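Here is the structure we will look at.
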Amino acid sequence: MYSSILFERKAGIAVITLNRPRVLNALSRALKGELSDALGRVAKDPDIRAVVLIGAGKAFSAGQDLNEAKDMNGADAAEWVREFERLYDLIRSLHVPVIAAVSGWAMGAGCQLALLADIRISSTTAKYGMPEIQDGIPAIFGLGLLWHL
889 MYSSILFERK AGIAVITLNR PRVLNALSRA LKGELSDALG RVAKDPDIRA
939 VVLIGAGKAF SAGQDLNEAK DMNGADAAEW VREFERLYDL IRSLHVPVIA
989 AVSGWAMGAG CQLALLADIR ISSTTAKYGM PEIQDGIPAI FGLGLLWHL
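Printed below as a string of structure tokens:
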């Protein structure tokens, strides 16, 4: 059903795995779309009591897929921001708690995704960061999410 995520239901828990380990679960448009679809399914299912987000392989998520971002024009960038906004709004509006199980890197948009969770559980290998700031790229949503911590 999905190519960039895995979706499982286990005893009333939706487990969603970001499944692009070769690129450290970078958030491509396809992954964001699939994640939005899966979370939409959760929103409509009264039997799901919680969501757990995890990353396959060595990272939770290295952030935005920069291979996609490098060719964006102004209109593409505006739509890219709207895609993140819709995904983030969907996560924040869920009727169930969202748990981010973070192992490895949670960078940039991956860090923001973890910050959106109601609960973050970090392994000893977890590393959070917003490296785009060092390159003069604003963390459009991430800094506003820090108040949740």
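One gets this note's numbering by counting positions in the sequence shown from 1 and adding 888 to each.
We put the beta carbon where it would ideally sit given N, CA and C, even for glycine.
On a predicted model such as this, the values are computed, not experimentally measured, just so you know.
Would you check if there are 3 or more beta carbon pairs closer than 8 Å linking the segment 965 to 972 to the segment 926 to 933?
no
I need the DSSP call for S924, collapsed to helix, strand or coil.
Position 36 of the sequence shown, counting from 1, holds the residue named residue 924. In the structure shown, S924 sits in a helix (DSSP, three-state: H, G or I).
Quick one: what's got a C-beta closer than 6 Å to E896's C-beta in the same chain, skipping five residues either side?
Along the sequence shown, read from residue 1 onward, the residue named residue 896 stands at position 8. Cβ neighbours of E896 beyond the five flanking positions: V903.
Could you check what DSSP says for L912 in three-state terms: helix, strand or coil?
Within the sequence shown, numbered from 1, the residue matching residue 912 stands at position 24. Here L912 sits in coil by DSSP.
For the structure I just gave you, are there three or more beta carbon pairs, one from the segment 1004 to 1014 and one from the segment 983 to 994, closer than 8 Å?
yes
Is R897 helix, strand or coil by DSSP?
To locate residue 897, count along the sequence shown from 1; it is residue 9. Note: R897 maps to strand in three-state DSSP.
Which residue comes first and which comes last in the alpha helix (DSSP H) that contains Y976?
Position 88 of the sequence shown, counted from the start, is the residue given in the question as residue 976. Segment G962 to S981, the alpha helix (DSSP H) holding Y976.
Where does V986 sit, in a helix, a strand or coil, going by DSSP?
Taking the sequence shown and counting its residues from 1, one reaches residue 986 at position 98. Per DSSP, reduced to three states, the secondary structure at V986 is strand.
Taking S1011 as the reference, which of W993, L912 and S891 has the closest Cα?
Here residue 1011 corresponds to residue number 123 of the sequence shown, with the count starting at 1. Closest by alpha carbon: W993.
If I measure Cβ to Cβ from A997 and keep anything under 6 Å in the same chain, skipping five residues before and after, which residues do I get?
On the sequence shown, residue 997 is found 109 positions in, with the first residue counted as 1. Answer for A997: L915, G951 and Q952, listed in chain order.
How is the beta strand (DSSP E) around A938 delimited, first residue to last?
The sequence position of residue 938 within the sequence shown is 50, counting from 1. Unbroken beta strand (DSSP E) run through A938: A938 to G943.
Helix, strand or coil for K1015, going by three-state DSSP, please let me know.
Counting from 1 along the sequence shown, the entry for residue 1015 is found at position 127. In the structure shown, K1015 adopts extended strand secondary structure according to DSSP, grouped into three states.
Give every residue of the same chain whose Cβ lies closer than 6 Å to the Cβ of G943, excluding the five residues on either side of it in the sequence, and list them in chain order.
The residue given as residue 943 occupies position 55 in the sequence shown. Taking G943 as the centre and dropping the five residues before and after it, the same chain places the C-beta of L906, N913 and S949 closer than 6 Å to its C-beta, in chain order.
Would you kindly work out how many angstroms separate the C-alpha atoms of S924 and Y1016, rounded to a whole number?
Looking up residue 924 in the sequence shown gives position 36. Looking up residue 1016 in the sequence shown gives position 128. About 23 Å.
List the endpoints of the continuous alpha helix (DSSP H) containing A957.
Sequence index remark: in the sequence shown, residue 957 carries index 69 (1-based). It spans L954 to A957 - the alpha helix (DSSP H) in which A957 sits, taken as one unbroken run.
So L1003 and L927 are in contact, right, with Cβ under 8 Å, and what is the actual spacing, rounded?
For the purposes of this step, residue 1003 is taken as residue 115 along the sequence shown, with counting starting at 1. For the purposes of this step, residue 927 is taken as residue 39 along the sequence shown, with counting starting at 1. That pair is no contact at about 16 Å.
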